[in-house]
Amino acid sequence: YSRKFKEIGRKVRLVACIDGLKINHKVQDYYGEQVKKLLDGTIICFARYGKDPMARMTVRTSSRKVKFDINIYDTREQATEAVEKIK
Numbered sequence: 260y261s262r263k264f265k266e267i268g269r270k271v272r273l274v275a276c277i278d279g280l281k282i283n284h285k286v287q288d289y290y291g292e293q294v295k296k297l298l299d300g301t302i303i304c305f306a307r308y309g310k311d312p313m314a315r316m317t318v319r320t321s322s323r324k325v326k327f328d329i330n331i332y333d334t335r336e337q338a339t340e341a342v343e344k345i346k
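So the numbering used here is basically just the index in the sequence shown, starting at one, shifted up by 259.
Structure, rendered in structure tokens:
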């Protein structure tokens, strides 16, 4: 994704569905670090959405471990509205 974001030539807003996301506990820290690294410098804001409780817990845990603030909303509409408010 990093390469694709750079091809755009400017920072972007990102909305992603996390329903069904599974991250093995063995790579959870690595996942959090890589997401934070990807977002630094290429993303204006990032909001996730989904109602899958395990996915929400996994994303929160991996993000907190690398001290990365996250936003998780129930619906795509809520997530989209949140990123549109950030200028």
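Glycine included, C-beta positions come from ideal geometry on N, C-alpha and C.
For this session: Quick one: grab the DSSP three-state call for Y260.
Result: coil
Problem set entry | Identity of the residue in Q287, I302 and N283 nearest K350 by Cα | Lying outside 260 to 346, the shown extent of the chain, residue 350 is not represented and no answer is given.
Problem set entry | Cβ-based burial, I345 [other Cβ within 10 Å; buried from 16] | exposed
For this session: State the Cα-Cα distance for the pair I267 and N283, rounded to the nearest angstrom.
Result: 31 Å
Exercise. If we call anything under 8 Å between Cβ atoms a contact, is V274 one with V318?
Worked result: no
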